[in-house]
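For the sequence shown, our numbering gives the first residue as 27, with consecutive numbering after it. Just so it is clear, CB atoms sit at the ideal spot from N, CA and C, and this is done for glycine as well.
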Amino acid sequence: MLPMKGTRVGMTAMGLGALLCAATAWAGVTVVLTPLGPVPAVPGLGLSVQGSLGQPLAAPSVFSATLSLMPVPALSVLSVRAMSASPVLAKTQVAAAEPQAVFAAPLPVLSAGDLVFLDLDCGALCDAIADSTIEQFGVSGPRLSHVGIVELVDGVPFVWEAWPGRGVSRVPLRFFLSRVQGGEGMPGGYYLGRLPSAWRSLGESAAARVKSFAQLPYDDDFAWGSPGAYCSKLVTLAYDGMAAFAPRPMYFGKEGSQTREVWRWYFAARGRSIPDGEPGVSPLGLFLAVQP
C-alpha cells in the first residue's frame, strides 16, 4: 500500500535481526526521518509505534527533520512530502526500527579497537552506499553500510557507533549484531576488522579515545568539517588521523546511474548538491584498510 503524499506513517518496531524494512513504492517522495514520538494510527496500514524494547512510546519528541542514510535508532516517524517523480525511488525501502530479535549465535572474540561492519538492508540508500564505494575501490564486495568500534568493559564487548537521530553512543555487541540477519562474512551479515598485531596498542588507545565523542550529533551531510560524526568518520576520529584511515575524495557513482540518482535525491532533500571530491571515509574503505 502506498502512503498518500504529505502523510506521516508510524511503523511497528520490527526485527532488525532481519532489519525488516517497510517495502514501499515511494514513486517520487522524500522520506524525512524524525525522532521518536507517538503517531496516530493510519487506517488500513495496521501500524503502531513502539520503542526499541517493544514498549509503547509515551510522549512526543521535538526534533528538526532529518533525512538519514541509515535506519533510525528506535522507531521513528516517516514524514513524506512530494518531490518530482523519480523512477529510482520506486523500489525504495525504508527501515524503521531497532532490532527485536536478539543475535543468538555465540559472539565473536574481539579486542579493543577492532571494527565491526554491517551489511544493512535499509533499501535504496544502503544500496547506494555499498554500490558507490564498491565502484570507488574497484572491488566486488563486501557490501557495507555501517561500522562501529569495539570497547571491552570488564571483558564484555560493546560497540561505539554514530547512529541517525541518536548520534554517537555505545551499544552491546549483541545488540549491534542483531541488526543483520546473516552470519559472519555472509551477504546481509557482519564482517570483522581485527587489527594487525602491530596496531594493537593503537586499537586500545582508539577504544579509550572514542568515549570523548559521546553524544556528538549524527552528521547527515557527511561533511568532514562539521561538528558531528557519521559511522566511519567516528572510527577515523577515534584513531586520531591514522594514515590508513585518512579521508579521501568521496565518490557517489557515475553520472546517469541509479546510484547517482539516489544520491542526488538524498542531497537535494537536504538543500545540497552532491559533494563530489570532498574528503570523507566509508565503511568499505576502512574494511579494506585493515585487511592483511
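Check                                                                                                                        : Outcome
TYR217 to ARG298 span [Cα, whole Å]                                                                                          : 32 Å
Reduced DSSP category for ARG205 - H, G, I as helix; E, B as strand; rest coil                                               : coil
Contact the region 227-240 vs the region 254-272: 3+ CB pairs below 8 Å                                                      : yes
Bridge-paired residues (DSSP) for ALA188                                                                                     : VAL194
In DSSP terms, what VAL173 is bridged to                                                                                     : PHE143
Proximity below 7 Å, CB of LEU144 to CB of ILE175                                                                            : no
When GLY139, ASP302, GLU161, GLY303 are compared against VAL173, the one with the closest alpha-carbon                       : GLY139
Contact check, MET276 vs GLY311, beta carbons under 7 Å                                                                      : no
Nonlocal neighbours in the same chain, by C-beta distance under 7 Å from PRO183, ignoring five residues either side          : LEU133, LEU136, VAL176, LEU199
Check whether VAL194 and LEU242 have beta carbons under 7 Å apart                                                            : yes
CA-to-CA distance, GLY251 to VAL206, given in whole angstroms                                                                : 31 Å
Residue range of the beta strand (DSSP E) that includes GLY215                                                               : Segment: none, GLY215 is in no beta strand (DSSP E) and carries neither H nor E.
Secondary structure of TYR292, DSSP reduced to three states                                                                  : helix
C-alpha distance - GLY209 paired with PHE278, whole-angstrom precision                                                       : 28 Å
Extent of the continuous alpha helix (DSSP H) to which ASP153 belongs                                                        : 150-163
Backbone CA spacing between LEU151 and VAL197 [nearest angstrom]                                                             : 23 Å
Alpha helix (DSSP H) segments (min. 4 residues) lying fully within the region 241-301                                        : 257-264, 284-294
Chain-order list of residues whose beta-carbon lies under 7 Å from that of ALA240 (same chain, five-residue window excluded) : VAL194, SER195
Cβ-based neighbour list, ILE271, same chain, cut-off 7 Å, excluding 5 preceding and 5 following                              : Looking at the sequence itself, residue 271 is Phe, so the reference to Ile does not match. So the list reads VAL261, THR262, TYR265, VAL307, LEU312, ALA315, once near-sequence residues are dropped.
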